[in-house]
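Going line by line, the protein sequences match chains A and B. Take the first sequence: its letters are residues 1 to 407, numbered as in my numbering. Take the second sequence: its letters are residues 1 to 407, numbered as in my numbering. Down below is the structure, laid out as structure tokens.
Protein chains: 2
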Amino acid sequence: MPDQKILVAQGGGPTAVINQSLVGVVEEARRCWPDRPVYGARHGVRGIVAEDFVELSRETRATLEAVAATPAAALGSTRDKPDAAYCTGIFKVLQAHAITQFFYIGGNDSSDTVRIVAEEAARAGYPLRCIHIPKTIDNDLMENDHTPGYASAARFVAQAFAGADLDNRALPGVYVGVVMGRHAGFLTAAAAGCRTRADDGPHLIYLPERVFDTERFLAEVKATHDRLGRCVVAVSEGIHDASGEPIAVQLAKTVERDAHGNVQLSGSGALADDLCELIKTRLKIKRVRGDTFGYLQRSFLGCVSAVDQREAREVGEAAVQFARHAGRDGSVAIQRLSGAGGYAVEFKLLPLTAVAGRTRVMDEALLDAARSDVSPAFVHWLRPLLGADLPQAARLAGHPVARLLDK
Amino acid sequence: MPDQKILVAQGGGPTAVINQSLVGVVEEARRCWPDRPVYGARHGVRGIVAEDFVELSRETRATLEAVAATPAAALGSTRDKPDAAYCTGIFKVLQAHAITQFFYIGGNDSSDTVRIVAEEAARAGYPLRCIHIPKTIDNDLMENDHTPGYASAARFVAQAFAGADLDNRALPGVYVGVVMGRHAGFLTAAAAGCRTRADDGPHLIYLPERVFDTERFLAEVKATHDRLGRCVVAVSEGIHDASGEPIAVQLAKTVERDAHGNVQLSGSGALADDLCELIKTRLKIKRVRGDTFGYLQRSFLGCVSAVDQREAREVGEAAVQFARHAGRDGSVAIQRLSGAGGYAVEFKLLPLTAVAGRTRVMDEALLDAARSDVSPAFVHWLRPLLGADLPQAARLAGHPVARLLDK
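Below is the structure:
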């Protein structure tokens with residue numbers, strides 16, 4: 001087939017390092033196939049059916065490197081999930097442009113999109129190599145130790161809670177921070193990432209892996225506040241009751257669903273506000289403050305893990321190498337090498353069905369058995385991902401001065 | 001008077017660099033008066049009446065430097081505002097410990113506390129040198145070009161909006177970010193700090209210096225969304241109607257007041273949620289998201305302006321020098337040297353009455369005359385404060401590929 005072309009696109013929610021993977025694909029593709037144009041589709045599969053392409057292989061290296069260091073999705077993204085008719089539109093365009101390699105960077109919804117496109121391509125007899133490149137701040141892809149984008153978002157959450165804990169120590173009360181994560185608690189759990197001393201917050205962490213019990217929550221907040229005079233709480237937006245219904249939905253007046261049928265939990269401060277109201281009313285604690293980290297945690301310009309940047313780049317490069325040499329479609333996965341003590345990863349090509357549309361959640365071993373908290377094993381797993389240059393909070397030694405009055 | 005001692009304390013809301021000023025006082029005081037103990041009061045004036053002191057002059061330099069780089073208030077803070085009876089309690093303690101120099105790091109409420117303490121000391125004939133050291137993310141102190149803490153918070157807000165704008169470009173819709181600032185819009189205005197291209201957001205900025213008109217707001221959001229297919233909006237928590245009533249209060253069910261009689265606007269996501277609901281309902285735009293930056297913007301660990309760090313340190317050092325040589329009480333102010341083009345500041349000692357309890361707001365010249373936005377003069381004023389290493393977002397050149405179908 002002459003004049004073959006390569007296509008790359010980005011799907012789902014932006015991350016701090018998704019453009020590293022994009023640039024990894026472009027740089028590796030134009031090194032491996034110097035004569036093949038590399039196209040980028042604007043706004044994911046939506047840009048394919050709309051024939052909205054840019055020629056990435058004409059970009060300068062300086063621009064590509066600057067874009068790689070920029071958060072969000074430089075090509076634009078989409079929440080569209082193609083059905084068979086949508087796929088027919090996709091193949092018509094791919095065929096017209098002689099595109100034979102398709103790289104799609106995204107989460108588990110996007111990997112499902114890749115699976116559908118690959119299956120429809122096989123059915124239509126269209127020769128298309130499809131590689132899914134992982135990306136998600138939720139870290140919820142099966143058979144991945146972690147996913148590009150997670151570590152930088154985790155770093156943001158860890159630094160945010162370290163700061164909120166210092167703020168709460170200076171002006172004591174209860175602080176509730178709500179973190180993204182519908183089914184998987186990995187990102188909320190990262191709130192523990194900067195803890196160094198026994199009384200460092202967050203003191204309580206509520207994850208969607210466990211049933212949220214309002215009475216237990218209130219009792220734990222009260223016990224912590226009684227003990228320390230303050231309490232910092234990390235809450236996942238996806239916490240739910242025993243029936244599986246999200247607490248945010250129970251409390252929200254209106255519910256919005258996206259194209260995947262998911263309830264919209266992000267983009268509202270209601271859960272934090274309602275939990276604060278509950279604490280004020282029931283525990284009679286006066287100073288109770290809530291924050292919802294919202295979009296800051298996935299797109300903040302200037303908070304990134306160097307490990308995440310490096311791996312996100314490499315996963316894009318590895319995708320091109322798999323497309324050349326593996327002889328099959330698949331999803332690139334990051335797996336951690338264990339045994340020798342140090343931190344190292346390797347890149348594998350998994351079948352698309354291993355990842356597509358499935359959700360990984362936290363193992364029991366990563367949670368504290370007794371309290372609403374993560375286990376030391378989780379923190380041990382997390383630390384290398386956050387980067388060696390994680391800022392550290394310090395305290396005064398605080399040599400006490402003897403009282404002279406009212407002794 | 002033998003065995004004289006120095007006292008330093010921190011009041012009001014924490015900032016990213018308030019500990020730089022604390023360490024500036026401690027280091028300069030123990031260099032100037034090697035034999036005088038430097039005490040720190042825990043939780044501001046509250047710690048003074050409670051005789052809750054630590055001996056800061058016994059801290060190691062390594063600890064002091066690590067604490068200086070840590071956000072929030074290492075000594076703890078308070079919102080207490082002393083009356084005459086409270087002051088009597090303060091003098092009793094100061095006298096018992098032979099404290100003759102009092103440095104209080106805080107905003108305009110704290111400077112008013114210093115003014116009251118200084119006046120009561122004079123009335124009581126107690127020899128006390130009182131110096132107020134400025135600190136506030138709001139940048140609302142009179143006769144200061146800017147205040148320590150503002151630049152780092154401004155940097156957080158600028159980086160947050162740069163990231164949110166990239167996110168909104170990737171997945172278009174309307175984004176509303178609510179920023180702290182009750183009366184002064186400086187911090188919200190910093191949302192413009194990273195803009196580089198004509199279509200960079202925020203596209204609209206609403207400040208408390210102007211009356212907020214809901215119909216005008218909706219018309220401007222609609223016009224921007226029609227033009228760009230998206231719209232990023234920065235809103236100050238303090239926006240109010242023509243009668244001066246905050247929009248947040250109009251919409252909030254319950255209102256909480258602090259010891260200064262101020263309505264509590266922070267710590268709730270309601271304003272962002274209510275503005276989003278308004279846009280969805282009235283403009284029929286589907287994807288509308290809101291974030292409230294909350295406590296992250298003042299305490300986030302790891303987002304700091306180097307200029308702010310340096311100046312916060314120096315303002316503490318300058319306070320000690322004024323206490324030694326000025327022969328009067330006062331408030332240290334940062335003033336910018338103008339004329340030669342480059343950025344430079346000098347430190348002045350103002351009368352406490354020039355600062356105490358008064359609020360500086362943005363001049364008309366810093367606002368755009370026609371649109372809901374800041375003026376180029378504001379951005380010109382802001383840029384040097386954010387630090388030379390402000391991260392920059394990049395875009396693909398985006399060489400278009402000709403359509404082959406549906407031409």
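Here a beta-carbon is modelled for each residue, glycine too, at the ideal position from N, C-alpha and C. Quick caveat: nothing in here was measured; it's all calculated off a predicted structure.
Please state the DSSP three-state secondary structure of residue i.
i: Pro134/A; result: strand
i: Ser305/A; result: coil
i: Val17/B; result: coil
i: Ser331/A; result: strand
i: Arg115/A; result: helix
i: His399/B; result: coil
i: Lys280/B; result: helix
i: Tyr126/A; result: coil
i: Cys231/B; result: strand
i: Ala96/A; result: helix
i: Thr60/A; result: coil
i: Asp199/A; result: coil
i: Glu209/B; result: coil
i: Pro351/A; result: coil
i: Gln250/B; result: helix
i: Arg36/A; result: coil
i: Ser77/A; result: coil
i: Glu237/B; result: coil
i: Gln4/A; result: coil
Around the Cβ of residue i, are there at least 16 other Cβ atoms within 10 angstroms (buried) or fewer (exposed)?
i: Val211/B; result: exposed
i: Leu405/B; result: exposed
i: Lys5/B; result: buried
i: Gln392/B; result: exposed
i: Leu295/B; result: One point to set straight first is that residue 295/B is Tyr, not Leu, in the sequence displayed. Buried, since its Cβ has 16 or more Cβ neighbours within 10 Å.
i: Lys135/B; result: buried
i: Leu337/B; result: exposed
i: Tyr343/A; result: exposed
Can you name the residues of chain A whose CB is closer than 7 Å to the CB of residue i?
i: Leu218/B; result: The premise fails here: Leu218/B is roughly 19 Å from chain A at the closest Cβ pair, so nothing lies under 7 Å.
i: Thr70/B; result: Leu166, Ala393 and Ala394
i: Tyr39/B; result: Val401
i: Ala162/B; result: Leu301
i: Ala356/B; result: Here the premise fails: no neighbours, minimum Cβ distance about 21 Å.
i: Gly181/B; result: The contacting residues do not exist; Gly181/B stays about 16 Å from chain A at best.
i: Thr63/B; result: Ala394, Leu396 and Ala397
What in chain B is Cβ-close to residue i, meaning under 7 Å?
i: Leu405/A; result: Glu51, Lys92, Val93 and Ala96
I'd like to know whether the C-beta of residue i is nearer than 9 Å to at least one C-beta of chain B.
i: Phe300/A; result: yes
i: Val45/A; result: no
i: Phe103/A; result: no
i: Cys276/A; result: yes
i: Val54/A; result: yes
i: Gly269/A; result: yes
i: Leu204/A; result: no
i: Asp273/A; result: yes
i: Gln408/A; result: Summary: the structure shown does not reach residue 408/A, with chain A confined to residues 1 through 407, and so no result is reported for it.
Assuming residue i and residue j form a contact by the criterion Cβ under 8 Å, report the distance between their Cβ atoms to the nearest whole angstrom.
i: Asp165/B; j: Pro202/B; result: 7 Å
i: Ala408/B; j: Tyr104/B; result: The structure shown has nothing for residue 408/B, since chain B only spans 1 to 407.
i: Ile247/B; j: Leu218/B; result: 13 Å between Cβ atoms; not a contact.
i: Met180/A; j: Glu237/A; result: 6 Å
i: Ile205/A; j: Asp373/A; result: 5 Å
i: Val174/B; j: Ile279/B; result: 6 Å
Looking at the C-beta of residue i, does it have a partner C-beta in chain A at a distance below 9 Å?
i: His399/B; result: yes
i: Cys194/B; result: yes
i: Val67/B; result: yes
i: Val117/B; result: no
i: Arg79/B; result: yes
i: Gln159/B; result: yes
i: Asp199/B; result: no
i: Thr113/B; result: no
i: Ala73/B; result: yes
Given that residue i touches chain A, what residues does it touch there, using C-beta distances under 8 Å?
i: Gly24/B; result: Within chain A, no residue comes near Gly24/B; the closest Cβ sits about 15 Å away, beyond 8 Å.
So which residues on chain A does residue i lean against when the C-beta distance must stay under 9 Å?
i: Gly76/B; result: Arg169, Ala170, Leu171 and Pro172
List the residues of chain B whose Cβ lies closer than 8 Å to the Cβ of residue i, in chain order.
i: Pro14/A; result: Leu166, Asp167, Ala170 and Leu171
i: Gly294/A; result: Arg289, Gly290, Asp291 and Thr292
Could you name the residues of chain B that residue i contacts, counting a contact when the two beta carbons are closer than 9 Å?
i: Arg58/A; result: Ala397 and His399
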